[in-house]
Structure formats: structure tokens, C-alpha cells
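Heads up: the structure comes next, in C-alpha cells.
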Amino acid sequence: MTFSEGGQFEGGRVRKGGGRRGAVGAGVGGGAALVIALLYMVLTGNSPADILGTTTDSGGGGEQGYIGSCTAEQANNDPECRLSAAVDSLDVYWAETLPQQGGVEYVMPEVVSFTDAVDTGCGSATSATGPFYCPADTTVYEDLSFYDQLSSQFGAEGGPLAEMYVTAHEFGHHIENQLGLFERADRSGTGPESDSVRIELMADCLAGMWAGNAATTEDPDTGVPFLEPISRAQLEQALSAAAAVGDDNIQRRSGGDVNPEAFSHGSSEQRVRWFSTGYQGGTIQDCNALDARTL
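Its first residue numbered 1, the sequence shown is counted upward by one per residue in UniProt numbering.
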């Protein structure tokens with residue numbers, strides 16, 4: 001996936017370094033709950049949120065500051081710039097779409113890019129947790145080293161759109177939170193029909209909605225579409241990332257049997273299918289897995 005020539009992104013949207021310490025809540029690992037959190041989930045049947053509740057002092061996780069302005073060329077080649085530009089695109093898309101389809105005014109989540117460890121409103125977390133959304137402080141947290149491990153640990157193809165899928169998935173959790181679905185859902189359970197799975201599949205679908213419209217969403221500052229049309233190869237990268245973090249794939253790669261009763265994110269097939277539903281013109285209502293009769 002390529003940012004359009006002539007694109008300019010102001011920066012100042014993604015904070016680098018540590019997060020905020022606050023009341024411990026339930027963080028949501030999105031398309032990506034990485035090695036330790038995932039293995040913990042598979043082997044114990046518990047939620048990765050248990051790990052996010054740790055009170056270990058991380059020391060803030062690195063140098064403070066913000067990702068600065070970037071050109072489209074830089075966004076196409078530098079992961080930090082790509083994250084910042086993707087966040088700009090997501091902000092513009094949801095600022096228009098959420099009021100139209102959800103009847104709710106979009107409020108931008110904070111975004112933090114950290115290294116090694118970070119303090120959040122959901123407790124302290126490390127890179128092992130993977131990218132996640134913390135509803136307690138309405139912030140998306142990402143350690144960009146995750147993307148290498150997504151390929152090496154779970155077999156994803158990698159690539160820019162796969163990276164942006166993960167960010168879009170975490171923004172999907174923020175949209176769910178704004179729609180009041182986190183309050184309705186019981187995110188403590190597991191199983192193929194659990195609310196935990198439904199919340200994750202909906203976030204995949206919302207990520208697909210953004211991806212399907214990213215090439216026609218214009219940056220209001222430049223009038224240039226954020227992204228060039230997605231090629232089939234780029235789409236396959238995103239679908240590969242969705243499949244890689246399916247519960248069944250993770251369980252197999254962890255050396256165990258597939259146990260649907262331990263599912264908290266959905267199978268590979270489900271994650272690909274729900275992302276595709278959003279990508280192929282789905283609406284927020286079409287993406288509402290929480291109320292879907294079947295998954």
C-alpha cells in the first residue's frame with residue numbers, strides 16, 4: 001500500500017516513548033497479541049488483559065516526543081512516518097464515517113509508539129503484549145518491532161498494508177468504545193461465540209472499512225488521496241496478517257491442539273472474512289459482530 005505522491009503529513013499526532021499511569025483496566029490486544037500474551041492465552045485460557053494488569057514499573061519506556069512531519073515518500077519507507085500518516089488517514093475517515101453511520105461524533109484517540117515497555121491507563125505493559133487499545137485512557141499503543149515478529153513468529157507475509165491493518169484494527173476498538181459496545185460486551189470470557197471474539201472480529205471489519213476507502217479518502221490539508229489504490233498483492237498482505245493472528249493458527253504454532261473454547265480473537269478464516277466484509281463495502285451495521293446471529 002503506497003501513500004500518494006504529493007502527500008504531506010504534519011506530524012505531532014503520535015507520541016513517542018512512555019504512556020500514562022492510571023487506574024488498571026482491561027486493555028484490548030487487537031489483531032495482534034504477541035508471543036507472551038498469546039501463549040498465555042492459549043495455555044491458560046485467560047485473557048491477555050491479565051498481563052496488561054501488571055503493576056511492574058516500566059520507567060516510562062524511552063524518549064518522549066512526537067513523530068514529526070513526513071512526506072509521502074518518507075511514509076512509504078519509514079515505519080514511524082507510516083504509522084503517523086496512517087493515523088492521519090484513519091482520523092479523517094472516521095471523523096466523517098462515525099457520525100454518518102453511528103450517530104456519534106468522532107473523538108481522536110491518543111496514539112503512543114513505545115519501545116520495550118510503557119505505562120498506560122490499563123497498567124504497565126511490555127513489547128511482548130503486542131499492539132493494543134486501552135479503553136481506560138482511550139489510547140492506542142504500538143511497539144513497531146512487533147511487525148517483524150508478526151512475520152517470524154506467526155507466518156504473516158508482512159508489508160506496509162499488513163502494518164496499517166494492525167493500527168486500523170486498534171482504531172476499530174476505539175470506534176467500538178465510542179459506540180458503547182465495550183460497556184455491553186463481556187470481554188472476560190473465551191469461546192467461539194464469546195463477546196471477546198465478537199469484539200475482535202468487529203474491529204477487523206472496521207479496519208476493512210477503512211482500507212476499502214483509504215484510496216478515496218482525501219487529506220483535507222492537501223486535497224490528495226491518502227493512499228493509492230490497493231493492489232491484489234497488498235491486499236493479500238493484510239489478509240495474511242489477519243489469518244496469522246487467528247486463534248487456531250496461534251494454537252497450532254504454539255505446538256498444541258486447536259481448542260475453540262480458548263478462542264478470544266476468532267479463527268483465521270473468521271478474521272479474514274470479517275476484514276473482507278468491511279473492505280468490500282460493509283457498513284458499521286454490517287460489521288456489528290456483537291449482535292450477529294452467526295460469526
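Where a beta carbon is used, it is the ideal one built from N, C-alpha and C, also for glycine.
- When DSSP states are grouped into helix, strand and coil, ARG198 belongs to the helix group.
- Membership of TYR165 in the alpha helix (DSSP H) is indicated by the continuous run 160-178.
- Taken atom to atom, the span from the alpha-carbon of ARG187 to that of ILE199 is near 8 Å.
- Around the CB of PRO229, fewer than 16 other CB atoms lie within 10 Å, so the residue is classed as exposed.
- When the five nearest sequence neighbours on each side are left out, the beta carbons in the same chain lying within less than 7 Å of the beta carbon of GLY65 are those of LYS16 and GLY17, in order along the chain.
- For GLN285, the CB contacts under 8 Å within the same chain, skipping 5 residues up- and downstream, are GLN101 in chain order.
- Counting along the chain, ALA125 sits inside the beta strand (DSSP E) bounded by residues 123-126.
- Segment contact: the segment 160-172 against the segment 142-150, three or more CB-CB distances shorter than 8 Å; contact assigned.
- Within the model, the alpha-carbon separation for GLY6 versus LEU90 is close to 18 Å.
- A direct Cα-Cα distance of roughly 15 Å separates ALA185 from TYR133.
- In terms of CA proximity to PRO220, VAL92 leads the group THR71, VAL92 and TYR141.
- Listed in chain order, the non-local C-beta contacts of PHE3 below 7 Å within the same chain comprise ALA72, ALA75, ASN76, ALA85, PHE226 and LEU227, local neighbours out to five positions each way being set aside.
- DSSP lists THR71 as the beta-bridge partner residues of GLN8.
- Contact check for SER231 against GLY246 fails: the beta carbons are separated by 9 Å or more.
- Across the set HIS265, SER264, ASN259 and GLY11, the C-alpha of GLY11 shows the shortest separation from the C-alpha of GLU110.
- Under the DSSP assignment, TYR106 falls outside any beta strand (DSSP E); it carries neither an H nor an E label.
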